[in-house]
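What follows is one structure encoded as structure tokens, with my remarks underneath.
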Ligand SMILES: [Zn+2]
């Protein structure tokens with residue numbers, strides 16, 4: 008992918024990361040947190056992963072969705088650093104730019120994403 012294009016997606020993803028992180032933190036602070044967890048969030052500048060772990064341990068559906076979105080954004084940023092951004096993690100083909108413009112954190116091409124989602128549904132149905 009063109010380096011300028013990757014740079015543009017990088018900015019989009021960084022903005023999205025900041026928004027999501029702010030949202031998750033705010034919801035956690037508004038929720039029912041144990042005093043020590045609240046203190047961790049308020050006082051220290053804890054890392055994304057700690058915020059995510061906290062969100063996931065509280066298992067609030069909305070926060071969990073945001074936390075998962077944040078994780079996906081972080082993974083996309085890692086792929087930019089690794090130079091593999093825009094490449095489908097399953098088949099290794101380039102993900103169309105039009106798809107990335109809609110979903111910059113996408114890690115699969117449409118075909119692989121549909122296959123993956125179908126597999127997830129099957130797994131959930133068999134549980
Ligand atoms: Zn693919």
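Residue numbers (the working numbering): 8 to 134.
Quick reminder that beta carbons are idealized off the backbone N, C-alpha and C, glycines included.
Quantities reported herein were computed from a predicted structural model and do not represent experimental measurements.
Test item: CB-CB of residue i and residue j under 8 Å
| i | j | result |
| --- | --- | --- |
| residue 27 | residue 83 | no |
| residue 6 | residue 24 | In this structure the chain extends from 8 to 134, so residue 6 is not present and cannot be described. |
| residue 45 | residue 36 | yes |
Distance between beta carbons of residue j and residue i, contact taken as under 8 Å
| i | j | result |
| --- | --- | --- |
| residue 95 | residue 87 | The Cβ separation is near 15 Å, so there is no contact. |
| residue 73 | residue 30 | 6 Å |
| residue 93 | residue 8 | 4 Å |
| residue 106 | residue 113 | 6 Å |
| residue 117 | residue 12 | Not quite, the Cβ-Cβ distance comes to about 19 Å (not below 8 Å), so this is no contact. |
Residues bridged to residue i (per DSSP)
| i | result |
| --- | --- |
| residue 101 | 94 |
Limits of the alpha helix (DSSP H) - the one that residue i falls within
| i | result |
| --- | --- |
| residue 116 | Here residue 116 belongs to no alpha helix (DSSP H), and DSSP marks it neither H nor E. |
| residue 22 | 10-37 |
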